[in-house]
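Novice: Note that the protein sequences, when read in sequence, are chains G and V. Under the numbering used here, think of the first position of the first sequence as 6, with each following residue one higher. Under the numbering used here, think of the first position of the second sequence as 6, with each following residue one higher. For each residue, glycine too, the CB sits at the ideal point set by N, CA and C.
Number of protein chains: 2
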Amino acid sequence: MKIAQIQMKVYPDKEKNLKEVEMYLENMKEENPDVVVLPEMFNCPYDKTLFEEYSEEEGGKTWSKLSELAEKYSIYLFAGSIPEKVDSGEVYNTSYIFDRKGNQIGKHRKVHLFDIDIEGGQTFIESETLTPGKDLTVVDTEFGKIGLMICYDIRFPEWSRLLSLKGAKVIIVPGAFNMTTGPAHWEISFRVRALDNQVFTVGTAPAQDKEASYTSYGNSILVSPWGKIIDRMSFEDGYIINDIDLREVEEVRKQLPLLKHRRTDLYEIKEK
Amino acid sequence: MKIAQIQMKVYPDKEKNLKEVEMYLENMKEENPDVVVLPEMFNCPYDKTLFEEYSEEEGGKTWSKLSELAEKYSIYLFAGSIPEKVDSGEVYNTSYIFDRKGNQIGKHRKVHLFDIDIEGGQTFIESETLTPGKDLTVVDTEFGKIGLMICYDIRFPEWSRLLSLKGAKVIIVPGAFNMTTGPAHWEISFRVRALDNQVFTVGTAPAQDKEASYTSYGNSILVSPWGKIIDRMSFEDGYIINDIDLREVEEVRKQLPLLKHRRTDLYEIKEK
Chain G
6 MKIAQIQMKV YPDKEKNLKE VEMYLENMKE ENPDVVVLPE MFNCPYDKTL
56 FEEYSEEEGG KTWSKLSELA EKYSIYLFAG SIPEKVDSGE VYNTSYIFDR
106 KGNQIGKHRK VHLFDIDIEG GQTFIESETL TPGKDLTVVD TEFGKIGLMI
156 CYDIRFPEWS RLLSLKGAKV IIVPGAFNMT TGPAHWEISF RVRALDNQVF
206 TVGTAPAQDK EASYTSYGNS ILVSPWGKII DRMSFEDGYI INDIDLREVE
256 EVRKQLPLLK HRRTDLYEIK EK
Chain V
6 MKIAQIQMKV YPDKEKNLKE VEMYLENMKE ENPDVVVLPE MFNCPYDKTL
56 FEEYSEEEGG KTWSKLSELA EKYSIYLFAG SIPEKVDSGE VYNTSYIFDR
106 KGNQIGKHRK VHLFDIDIEG GQTFIESETL TPGKDLTVVD TEFGKIGLMI
156 CYDIRFPEWS RLLSLKGAKV IIVPGAFNMT TGPAHWEISF RVRALDNQVF
206 TVGTAPAQDK EASYTSYGNS ILVSPWGKII DRMSFEDGYI INDIDLREVE
256 EVRKQLPLLK HRRTDLYEIK EK
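Have a look at this one:
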């Protein structure tokens with residue numbers, strides 16, 4: 006499975022962001038990616054005062070363009086996230102997933118909202134303008150099941166565990182850690198979620214933009230089921246593309262059977 | 006809270022191992038440690054064919070000596086682990102915990118047994134000669150609650166989570182990763198369990214002995230609730246002592262309220 010991760014710059018101009026996505030897909034098409042992942046909030050500056058203004062309903066302009074691009078390039082498109090507006094006026098941080106024909110095969114609304122207030126560091130209260138989702142997202146592909154969550158969702162070991170118990174062999178995470186949490190926690194979070202669940206983890210972030218009100222750490226990352234970094238970017242915009250073999254999941258689980266060794270006679274993570 | 010971690014060599018001679026513990030406690034007494042942690046299987050070579058031969062009942066010779074030492078040096082002694090035999094003939098990998106008066110205030114029997122068979126790496130089937138425990142171990146001290154688990158228990162995010170939900174602000178883990186799993190997973194496991202639960206984690210391992218049938222990775226480690234390494238040893242025998250402030254747990258939880266942000270309306274880890 007050839008997986009591409011696009012660490013793009015995010016501009017205030019929505020059209021420009023969509024053109025950027027198309028340009029990346031055009032540039033990488035000779036490499037034949039099967040799966041392409043965009044960053045969190047790839048067509049809206051990561052600023053809580055702008056989420057509503059930039060939001061669109063499902064089936065809107067951005068959605069339609071993404072569907073068209075998935076079909077045009079015959080890829081599974083895990084379309085980062087955008088602010089999604091619903092009739093009742095609420096706004097979600099939502100990731101749409103399209104298959105090679107451009108059909109939506111799943112969507113994820115960020116479940117855990119990022120409310121943080123670090124002394125001398127970052128303050129960001131996402132829940133002031135966003136509503137949290139409530140569903141686990143796992144989709145079927147020709148390669149096997151793939152789970153999706155968004156950024157802060159990765160902080161909660163329960164969520165990755167539930168995705169892997171639902172059969173996900175890859176967990177894709179559009180995210181945007183910042184310059185406080187990024188250097189401290191980004192890499193080890195992706196490595197340990199991969200390792201604990203023996204899945205591939207895929208973190209895709211916007212490129213760093215020092216003029217933005219929220220500075221993304223970038224560092225898009227791909228980790229193996231053994232917790233090993235397969236590839237990793239720095240702060241700049243660009244993309245990486247890697248060929249991964251999902252059979253590695255079964256191989257690692259055979260050698261170090263962590264999921265089997267869970268003491269389900271003593272504890273269990275229950276969905277409600 | 007001054008916490009000492011003893012990364013000792015383990016000899017085939019039980020008496021010698023107990024003398025070593027006493028020597029370390031004598032050497033560090035001017036530094037006034039409050040809590041002292043020994044490694045997993047500190048008085049039995051880590052060899053599954055020897056666990057039964059080296060095993061003792063609770064209250065036996067090793068237990069008595071440890072109790073005596075805790076009282077003599079007025080320390081909380083988290084006494085690594087030893088093979089514990091029970092009347093029915095079963096053997097557990099057990100850690101005893103003593104208070105400053107030498108009273109046993111808790112004990113932990115390793116819950117997750119280490120059965121691994123890595124291609125071109127380590128093979129070790131602990132469950133062939135050991136019986137797994139079933140209880141969560143959290144003890145009260147004058148500093149607050151401290152949780153204890155043993156080595157492979159750290160692989161399971163559910164277990165650390167349950168300990169922290171029971172109030173543990175420090176999770177102590179006598180362990181002995183090997184030269185395959187150690188370099189790959191030891192550090193990130195301690196960092197992410199600390200980070201996810203916003204507790205201190207304390208890994209204490211035997212020193213490396215290249216002639217042993219099982220080669221310990223050593224690398225005893227102390228990690229803050231922010232996931233930062235406070236101190237770390239290498240392969241050699243010796244000890245480290247650090248002064249930690251358990252108020253840091255509350256400070257980190259205030260700034261980045263991960264435990265509060267769990268979506269307990271959607272999932273919960275249930276004990277059975």
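Which residues does DSSP list as the beta-bridge partners of T206 of chain G?
Specialist: Paired residue(s): G:I176 and G:V228.
Novice: Would you list the one or two residues that DSSP bridges to N37 of chain V?
Specialist: According to DSSP, which records beta bridges pairwise, N37 of chain V is partnered with nothing at all.
Novice: Looking at the C-beta of Y272 of chain V, does it have a partner C-beta in chain G at a distance below 7 Å?
Specialist: Yes, Y272 of chain V counts as interfacial toward chain G.
Novice: Below 8 Å on the Cβ atoms is my contact criterion, and I expect Q10 of chain G with I245 of chain G to pass it. Report the Cβ-Cβ distance as a whole number of Å.
Specialist: Indeed they touch by this definition, with Cβ atoms about 5 Å apart.
Novice: Counting only Cβ pairs nearer than 7 Å, list the residues of chain G close to P162 of chain V.
Specialist: Simply P162, R166 and D201.
Novice: Kindly indicate the opening and closing residues of the beta strand (DSSP E) around H113 of chain G.
Specialist: Its beta strand (DSSP E) spans residues Q109 to R114.
Novice: Is there a Cβ from chain C that is less than 7 Å from the Cβ of K277 of chain V?
Specialist: Judged by its chain identifiers, the structure shown contains no chain C, and its protein chains are G and V.
Novice: Please report the residue range of the beta strand (DSSP E) in which T99 of chain G lies.
Specialist: Here the beta strand (DSSP E) through T99 of chain G covers V96 to F103.
Novice: Cα separation between I193 of chain V and G65 of chain G?
Specialist: Answer to the nearest angstrom: the Cα atoms are 42 Å apart.
Novice: Can you tell me where the beta strand (DSSP E) holding E62 of chain G begins and where it ends?
Specialist: Where E62 of chain G is concerned, there is no enclosing beta strand (DSSP E), given that its DSSP letter is neither H nor E.
Novice: From the DSSP output, which residues share a beta bridge with F83 of chain G?
Specialist: DSSP lists G:V42 and G:I102 as partners of F83 of chain G.
Novice: Would you check if the distance between the CB atom of A210 of chain G and the CB atom of G180 of chain G is smaller than 7 Å?
Specialist: In contact: A210 of chain G and G180 of chain G (Cβ atoms closer than 7 Å).
Novice: So, using beta-carbon positions, are F4 of chain V and V96 of chain V closer together than 7 Å?
Specialist: Nothing can be reported for residue 4 of chain V: it is not among the residues displayed for chain V, which extend from 6 to 277.
Novice: Between which two residues does the alpha helix (DSSP H) containing L264 of chain V stretch?
Specialist: Here the alpha helix (DSSP H) through L264 of chain V covers L263 to H266.
Novice: Spell out a yes or no on whether the segment 27-39 of chain G and the segment 217-230 of chain G are touching, meaning 3 or more CB-CB pairs, one atom from each, closer than 8 Å.
Specialist: Taking 8 Å as the limit for Cβ pairs, the verdict is that the segment 217-230 of chain G does not touch the segment 27-39 of chain G.
Novice: Compute the beta-carbon to beta-carbon distance between I80 of chain G and V40 of chain G, rounded to the nearest angstrom, for a pair I have assumed lies under 8 Å.
Specialist: At roughly 7 Å, the Cβ-Cβ gap stays under 8 Å, so I80 of chain G and V40 of chain G are in contact.
Novice: Any residues in the segment 131-142 of chain V with a beta carbon nearer than 9 Å to a beta carbon of chain G? Which ones, in chain order?
Specialist: Correct list: P137, K139, D140 and L141.
Novice: L227 of chain G versus chain V: which residues are under 8 Å apart at the beta carbon?
Specialist: Per Cβ cutoff of 8 Å: no residues; L227 of chain G is ~16 Å from chain V at best.
Novice: Below 8 Å CB to CB, which residues in the same chain sit around I226 of chain G once its five sequence neighbours on both sides are set aside?
Specialist: W191, E192, F195, T206, V207, G208, I234, D236, R237 and M238.
Novice: Apart from the five residues just before and just after K171 of chain V, which ones in its own chain have a Cβ nearer than 8 Å to its Cβ?
Specialist: Contacts found: L141, V143, K150 and G152.
Novice: Any beta carbon of chain V sitting closer than 7 Å to that of H113 of chain G?
Specialist: Not an interface residue.
Novice: Pick helix, strand or coil for S69 of chain V, following the three-state DSSP scheme.
Specialist: S69 of chain V: helix per DSSP, three-state reduction.
Novice: Give the DSSP-derived three-state secondary structure of D158 of chain G in the structure shown.
Specialist: The answer is helix: DSSP assigns D158 of chain G an H, G or I state.
Novice: Can you pull the chain V neighbours of D122 of chain G, defined as C-beta to C-beta under 7 Å?
Specialist: By Cβ distance, chain V contributes Q260.
Novice: Quick one: which residues of the segment 64-87 of chain G get their C-beta closer than 8 Å to a C-beta of chain V? List them in chain order.
Specialist: The segment 64-87 of chain G vs chain V, Cβ under 8 Å: nothing.
Novice: Going by alpha carbons, who is nearest to E124 of chain G out of V:E273, V:K259 and V:H266?
Specialist: When only C-alpha atoms are compared, the closest one is V:K259.
Novice: Look up S194 of chain V in the DSSP assignment and say whether it is helix, strand or coil.
Specialist: DSSP places S194 of chain V in helix when its eight states are reduced to three.
Novice: Just to confirm before moving on: does the CB-CB distance between K90 of chain G and E58 of chain G stay below 7 Å?
Specialist: Contact flag unset, no.
Novice: Starting from A9 of chain G, follow its DSSP beta bridges and name the residues at the other end.
Specialist: Beta-bridge pairing links A9 of chain G to G:V41 and G:I246.
Novice: Enumerate in chain order the residues of its own chain whose CB-to-CB distance from G232 of chain V is below 6 Å, with the five nearest sequence positions on each side excluded.
Specialist: These residues qualify, in order along the chain: R196, A199 and L200.
Novice: Going by Cα to Cα distance, which pick from G:I274, G:E273 and G:A212 is closest to E45 of chain G?
Specialist: The candidate whose alpha carbon is nearest that of E45 of chain G is G:A212.
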